[in-house]
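Report on the structure given below.
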Amino acid sequence: MNLAGLSLRDLEYVSAVAEHRHFGRAAAACGVSQPTLSGQLRKLEEFLSLEIFERSPRGVLVTARGEEVVAQARRILSEARRLFEVVRTGAEPLTGVVRLGVISTLGPYLVPFLLRPLRARFPRLRLLLIEGNTRPLIRQLEQGELDAVLAAGPLGESDLAELPLFREELALAVPRDHALAQVDEVRPGDIPASELILLSEGHCLRDQALAFCPDRLREGDHVLQAASLESLRQMIAAGSGVSLFPQLAIQVGALLDDMVAYRRIAGGAFGRDVALFHRPSFGRIRDIRMLRQAIGEILAEQSAVRVHRPGIRLAS
Numbered sequence: 141m142n143l144a145g146l147s148l149r150d151l152e153y154v155s156a157v158a159e160h161r162h163f164g165r166a167a168a169a170c171g172v173s174q175p176t177l178s179g180q181l182r183k184l185e186e187f188l189s190l191e192i193f194e195r196s197p198r199g200v201l202v203t204a205r206g207e208e209v210v211a212q213a214r215r216i217l218s219e220a221r222r223l224f225e226v227v228r229t230g231a232e233p234l235t236g237v238v239r240l241g242v243i244s245t246l247g248p249y250l251v252p253f254l255l256r257p258l259r260a261r262f263p264r265l266r267l268l269l270i271e272g273n274t275r276p277l278i279r280q281l282e283q284g285e286l287d288a289v290l291a292a293g294p295l296g297e298s299d300l301a302e303l304p305l306f307r308e309e310l311a312l313a314v315p316r317d318h319a320l321a322q323v324d325e326v327r328p329g330d331i332p333a334s335e336l337i338l339l340s341e342g343h344c345l346r347d348q349a350l351a352f353c354p355d356r357l358r359e360g361d362h363v364l365q366a367a368s369l370e371s372l373r374q375m376i377a378a379g380s381g382v383s384l385f386p387q388l389a390i391q392v393g394a395l396l397d398d399m400v401a402y403r404r405i406a407g408g409a410f411g412r413d414v415a416l417f418h419r420p421s422f423g424r425i426r427d428i429r430m431l432r433q434a435i436g437e438i439l440a441e442q443s444a445v446r447v448h449r450p451g452i453r454l455a456s
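In case it helps, the numbering used here puts the sequence shown at residues 141 to 456.
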């Protein structure tokens, strides 16, 4: 088979259709017309003598053998992007574009601390921030669509390199008129599992809340859910229940302070370890390590944080 019949653009079309499961949305993501994308994919399938996608009026499905093609296409695209990473490695550090994913329960509360100092330190750095849930961001990182991801670890089974940054305590957020709002600290056994509000499926903080009351609350139990931390804060303010809250979100979100009380959990063992993750093969590892160092230094300069080896720990 002649490789001249295969192009990286074709592989980008394959990856986009597999991701969006829709030819129109995939074409828009690739910046081409739908007939152009559809026609080129037909030619590719004929070239490979293989049906990659199953087309029907109800949508697009990836065939069993097509899944293998999609996976290999993404690996090839990832390696192709490394060509540009290698070229940039010898350039001035932290210049150009860095595509950084940040989990949604961290981004709105951490990024405001970072943007101005990072711009002052690295004026030629163009930081593209992509917010989302952990699993989709990690998948994008593994496929080469992101350069690094700020997330709570550990990730479990993963080949990604992890650069620890800081440990963020989790506190219990309760309505101001709740009985637990009258105490300085709460013990894990004091927390009413029946009142616990969870974030929706896909948030790592949901898993931590479930792990918090393993004997009294299990996945599948009927509980209230919130789509975001701010929705969760509003539900607590309205008296709908209680939940765990990261410390950075407590510091930034002062608007409902007269309606929500935050109580430390005795023992200080409940928190999440935030780290910067990257592919071990990434061609700009020096830049990612410099970014990690800069983030750590910026957080340490804030009055709310203190240095805690090997990373940064939020002060109580």
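Built from N, CA and C at the ideal position, the CB exists for glycine as well.
For F163, the enclosing alpha helix (DSSP H) starts and ends at F163 to C170.
For the pair A220 and F187, the Cα-to-Cα distance works out to about 21 Å. For the pair L303 and A434, the CB atoms are not nearer than the 9 Å cut-off. Less than 9 Å divides the Cβ of L240 from the Cβ of L267. Between the beta-carbon of L339 and that of Q365 there is about 7 Å, and that keeps the pair under the 8 Å contact cut.
If you ignore the 5 residues before and after L345, its C-beta comes within less than 6 Å of the C-beta of T245 and L339, all in its own chain and listed in chain order.
Just measuring C-alpha positions, the residue of R403, A313, D413 and A415 sitting nearest S371 is A313.
Every beta strand (DSSP E) stretch that sits fully inside the stretch 245-332 and reaches 3 residues is listed by chain position as 265-272, 288-293 and 301-315.
Fewer than three beta-carbon pairs drawn from the stretch 423-442 and the stretch 315-330 are found closer than 8 Å, and the two stretches are therefore not classed as touching. Per DSSP, F385 is one residue of the beta strand (DSSP E) stretching across S383 to P386. Residue pairing by DSSP places A366 opposite L339 in a beta bridge. When secondary structure is reduced to three states using DSSP, S196 falls in the strand class. Distance from the CA atom of R165 to the CA atom of V289, rounded to whole angstroms, is 25 Å. At a Cβ-Cβ threshold of 9 Å, P248 and E309 do not count as neighbours.
Counting along the chain, the unbroken beta strand (DSSP E) around L416 starts and ends at G411 to H418. Residue burial annotation: R373 is buried, with at least 16 other C-beta atoms found within 10 angstroms of its C-beta. Between A291 and F410, the gap from beta carbon to beta carbon reaches 9 Å or more. Here G284 is buried, its C-beta having at least 16 other C-beta atoms within 10 Å. Of the residues G379, I337 and S298, the one whose Cα lies closest to the Cα of L369 is I337. Only buried fits T274, as 16 or more other CB atoms lie within 10 angstroms of its CB. With respect to the 9 Å criterion, R403 and L350 are not classified as neighbours on the basis of their beta carbons. One Cα belongs to L300, the other to Q322, and the distance between them is close to 44 Å.
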